[in-house]
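Here's the structure we're looking at; comments come further down.
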Amino acid sequence: MKRILGRGAWFAVLLCLADVTQADPGKDPVTSVMWAYYQQKFLKDQPFVFDEKVVLRAPPFAEDARQVPIEIDARAYKDEVVRILAWAELNPLPQIVDFQPIDRVLPWLSIRIRIEQATPLRAAVLTRDGVWHIGSTSIEAAGGGCTAPSVVRTQPGWEEHIGEVLGGRYPKAGFSRLRMQIAHPMDNGMVSGIPEFYLNQAQLKDANGKLLANLELFPAVSENPTLGFDIEGDGETQLSLRDIGGNQFSAVVK
Amino acid sequence: MNRLALFFLSLSLMFCTCVQADMEYRLQPRQIAQDTYLLEGSTENFSKTNGGNIVNTGFIVTDSGVVVIDTGPSRRYGEAMRKAIASVTDKPVIQVLLTHHHPDHVLGNQAFADVPIGALAGTKELMRHHGDVLAENMYRLVGDWMRGTETLLPTQTLTPGILEFGGHRLQLLALAGHTGADLAILDLDTGVMFAGDIVFYQRALTTPNSPGLQVWLGDLDTLQALPWKLLVPGHGPLATDARPLEQMRDYLGWLDGLLRNGAAQGADMAELINSPIPERFAAISLTRYELIRSVSHLYPTYERAQMVRVDAR
Numbered sequence: 015m016k017r018i019l020g021r022g023a024w025f026a027v028l029l030c031l032a033d034v035t036q037a038d039p040g041k042d043p044v045t046s047v048m049w050a051y052y053q054q055k056f057l058k059d060q061p062f063v064f065d066e067k068v069v070l071r072a073p074p075f076a077e078d079a080r081q082v083p084i085e086i087d088a089r090a091y092k093d094e095v096v097r098i099l100a101w102a103e104l105n106p107l108p109q110i111v112d113f114q115p116i117d118r119v120l121p122w123l124s125i126r127i128r129i130e131q132a133t134p135l136r137a138a139v140l141t142r143d144g145v146w147h148i149g150s151t152s153i154e155a156a157g158g159g160c161t162a163p164s165v166v167r168t169q170p171g172w173e174e175h176i177g178e179v180l181g182g183r184y185p186k187a188g189f190s191r192l193r194m195q196i197a198h199p200m201d202n203g204m205v206s207g208i209p210e211f212y213l214n215q216a217q218l219k220d221a222n223g224k225l226l227a228n229l230e231l232f233p234a235v236s237e238n239p240t241l242g243f244d245i246e247g248d249g250e251t252q253l254s255l256r257d258i259g260g261n262q263f264s265a266v267v268k
Numbered sequence: 014m015n016r017l018a019l020f021f022l023s024l025s026l027m028f029c030t031c032v033q034a035d036m037e038y039r040l041q042p043r044q045i046a047q048d049t050y051l052l053e054g055s056t057e058n059f060s061k062t063n064g065g066n067i068v069n070t071g072f073i074v075t076d077s078g079v080v081v082i083d084t085g086p087s088r089r090y091g092e093a094m095r096k097a098i099a100s101v102t103d104k105p106v107i108q109v110l111l112t113h114h115h116p117d118h119v120l121g122n123q124a125f126a127d128v129p130i131g132a133l134a135g136t137k138e139l140m141r142h143h144g145d146v147l148a149e150n151m152y153r154l155v156g157d158w159m160r161g162t163e164t165l166l167p168t169q170t171l172t173p174g175i176l177e178f179g180g181h182r183l184q185l186l187a188l189a190g191h192t193g194a195d196l197a198i199l200d201l202d203t204g205v206m207f208a209g210d211i212v213f214y215q216r217a218l219t220t221p222n223s224p225g226l227q228v229w230l231g232d233l234d235t236l237q238a239l240p241w242k243l244l245v246p247g248h249g250p251l252a253t254d255a256r257p258l259e260q261m262r263d264y265l266g267w268l269d270g271l272l273r274n275g276a277a278q279g280a281d282m283a284e285l286i287n288s289p290i291p292e293r294f295a296a297i298s299l300t301r302y303e304l305i306r307s308v309s310h311l312y313p314t315y316e317r318a319q320m321v322r323v324d325a326r
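Residue numbers (our numbering), protein chains in the order written: chain Y, 15 to 268; chain A, 14 to 326.
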C-alpha cells in the first residue's frame, strides 16, 4: 500500500512536470513547416521555449552555400548549459552539431555549414533544469551547398593533408577565443560516387587531459571544418578528432 | 463568390499585362564626349523590376563604325542597345570590347554575334568556365528578362596596347583587381576612360573573383596616373575628377583593415558581417549587402594568414 502511494506521489510529480512541458513555448520567430517534426525527433517530449536569449547568428543569405558561417551564443545561460544541438531544417542532412561544453568552455560556438536551400536554422540549448531553449534564424540561398562537388578533392594530393590543423588563440576579456580549421573533405555521401567520410567526433582537453568539451559533428558541417570556441582560464588546449573512417587526429593550441 | 473570383482574375490579368509591357529597358544614350555615348544603369541590386540594368555600357561612333563597350545583362538588353545605337547613328557596329566576364557586362553578346567580340584572354577563360553558372544565376535574379539569353564567348583576344578605330585611338589596359582579368579602355582622342568594374562609384564594389584588395589598389594607382578627362565607372555616375578613385581607395582600405583586424582578433565571419559601416560611406548603395558577400569571398584568406599549424602530424 505504502509502495503504491509512493508510486502515486511519483506520478503526481510527473504530472506536474508534464504541466511544465505543456507550458507555452512562445511564438516561433521563424516560419517553419518542420518544427514539430524536429521537436519530436530531437527534443522528444521534453519542455522547450523559443528563446531570444539564445542567439543564432547567420548571414541573411548564403553567398557560398558550401561555407555558411553560423554562430551559436548561449552565454546568457552560462554555467547552466548541458548540451547544444543545431540543425538546418530543410537540409537533406539537417543535423550540424551536438556540443557539450563541460568545463571552462563557454556555451558559444562558431562553425561553417552547408545548406541545400533557403531554410530555418535552429540551436537548441538544454539547461540543467531540463528545459530546451530554442534560438532560431532563417537564411536565404540559391542553394546546392550539400550536393556541390568538393573543393578539397580538386586539389592534387589532398589526401596527404587530411587532419592538418591550422589554429590560433586570441585573448578576449575574461576568456580566450580558440579557432581551428581542420583539413578534411567532410564527404556527406550526396555527391555522386563518393561515400560518406567525415569527422564525427571532437574533444577539447586541457594540458592535463581533463575533458573540457565534447562535440559530435554531422555531415552538414562544411569541408575543412572551421570551429571557434571561447575558453576561460590559462594553459594550452588539446583537440582530438576522429572521422568515420576511424582516423584519429590531434592538435595542441598554445 | 464567382464574381469575387472573376474580380481577382481580372486584377491578376491586369497585373500580368503591366509587367509584360514594362519589360523593356528603354535605354537612353547620353552623349558624354565627342562621338561617345553612355547608357547608365542604376546603382541598385539585380531585380525582376530592373531586368539587371544596373550597369554602365557605352559606345563610340568612329568614322569607320561603332565600337561597343560591354553588352549588358541579357540578350534583350543587347538588342535594346543596338536599337539605341541606331537611334543616334547610321554607322554599323564594327567591334565589341568586353571589360570583364561578369554577367551584367557580357550577356548581351548574342545581339552582337555579327561583329568581333574582343576580351582579354583571362576574361574568355573565366567565361568559358563560369559563364553558364553565372547566366543561370541571372535567370534566378531577374527572371523573364533573361529569356533566350545564353553565354556567347568572345571571338577575339585583346592584349594591352593601342587599337585604332576610325580616328579614335583606344589604349587598352590589362588590370586584375576586380576579377583577375579586367580591361580598362582610355580613348586618347576624347580623354574618356571606360574603367569597367575596377571603378564603382556610389555603389559598393563586389569581390567574388578578386585576387586581392592590394592588387585592386594598385590598379587604381595605374588609372589615376593616366591622362583621362572623364571617368566612366562600371557602376555609378561618371566623374570629371578623381573622386571615384578616392572613394574606391577609401572603401578598399577600410575593407582590408576590417578583415585584417578581424582575423588578428579571432573574429568569425558571422560577427564580421555585422560590423558597423563608417558614416562616410552612407551615400554608397548596397554596402551592407556587399560586405556580407565580401566577407564570404575574402575572409578565408585573411584568417588562414593569422593561424599556424597546430596538429601533431
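Just so you know, even glycine gets a beta-carbon here, dropped at the ideal spot from N, CA and C.
According to DSSP, residue pairing for N228(Y) in a beta bridge involves Q114(Y) and Q217(Y). With respect to chain A, the C-beta atom of Y212(Y) has no partner C-beta closer than 7 Å.
Judged by DSSP secondary structure, R326(A) falls outside any beta strand (DSSP E); it is assigned neither H nor E. Secondary structure of S46(Y) (DSSP, three-state): coil.
The alpha carbon of G159(Y) has as its nearest neighbour, out of R191(Y), V205(Y) and L253(Y), the alpha carbon of V205(Y). In this structure, the alpha-carbon of T300(A) lies about 25 Å from that of V146(A). Proximity of chain A to F263(Y) at the Cβ level (cut-off 9 Å) is accounted for by D324, A325 and R326, in chain order. Under the Cβ criterion of 7 Å, G223(Y) is not counted among the residues facing chain A. With a 10 Å radius around the Cβ and a threshold of 16 neighbouring Cβ atoms, R160(A) comes out exposed. Residue ranges of uninterrupted alpha helix (DSSP H) with 4 or more members, entirely inside the stretch 104 to 136 of chain A and ordered along the chain, are 116 to 119. Within the same chain, Cβ atoms closer than 6 Å to the Cβ of G275(A) are found at L285, the five residues on either side in sequence being excluded. Shown in chain order are the members of the stretch 150 to 172 of chain Y whose Cβ falls below 7 Å from a Cβ of chain A: A156. Shown in chain order are the members of the stretch 76 to 108 of chain Y whose Cβ falls below 9 Å from a Cβ of chain A: A76, E77, D78, Q81, V82, P83, I84 and E85. The shortest C-alpha to C-alpha distance from F207(A) to any of L230(A), A134(A), H191(A) and L251(A) is the one to L251(A). Within the stretch 37 to 70 of chain A, no residue has a Cβ lying closer than 7 Å to any Cβ of chain Y.
Distances from the CA of Y264(A) to each of M36(A), I211(A), G174(A) and S87(A) were compared; the closest alpha carbon is that of I211(A). For E177(A), the uninterrupted beta strand (DSSP E) run begins and ends at G174 to F178, by DSSP. Around V321(A), the beta-carbon contacts reaching into chain Y at under 8 Å are L180, G181 and G182. Along the stretch 264 to 285 of chain A, the positions whose C-beta sits under 7 Å from a C-beta of chain Y are Q278, G279, D281, M282, A283 and E284, read in chain order.
Here DSSP, grouped into helix, strand and coil, assigns Q81(Y) to coil.
Counting only Cβ-Cβ distances below 7 Å, V235(Y) has no contacts in chain A at all, with the closest Cβ about 14 Å away. Judged by pairs of C-beta atoms under 8 Å, the stretch 104 to 113 of chain Y does not touch the stretch 87 to 94 of chain Y, as fewer than three such pairs exist. Distance from the CA atom of K67(Y) to the CA atom of W146(Y), rounded to whole angstroms, is 12 Å. Counting the other Cβ atoms within 10 Å of the Cβ of I175(A) gives fewer than 16, which makes it exposed. Burial check for V321(A): the Cβ neighbour count within 10 Å stays below 16, so the residue is exposed. A direct Cα-to-Cα measurement between G249(A) and S55(A) gives close to 7 Å. I290(A) has a beta carbon lying at 7 Å or more from every beta carbon in chain Y.
Beta-bridge partners assigned by DSSP to T170(A): A132(A). Beta-carbon to beta-carbon, G71(A) and V245(A) are separated by about 6 Å, close enough to satisfy the 8 Å threshold. For D87(Y), the secondary structure class from DSSP, reduced to helix, strand or coil, is strand. If you check each beta-carbon in the stretch 303 to 320 of chain A against every beta-carbon of chain Y, the ones closer than 9 Å belong to I305, R306, S307, V308, S309, H310, Y312, P313, E316, R317, Q319 and M320. With at least 16 other beta carbons inside 10 angstroms of its own, Q81(Y) counts as buried.
Listed as beta-bridge partners of F75(Y) by DSSP are E154(Y).
Of the residues assessed, K268(Y) falls on the exposed side of the cut-off, its CB having fewer than 16 other CB atoms within 10 angstroms. Secondary structure note for W229(A): it is in no beta strand (DSSP E), and the uninterrupted alpha helix (DSSP H) holding it is L226 to Q237.
Taking a Cβ-Cβ threshold of 7 Å, the residues of chain A close to G177(Y) are D324 and R326, in chain order.
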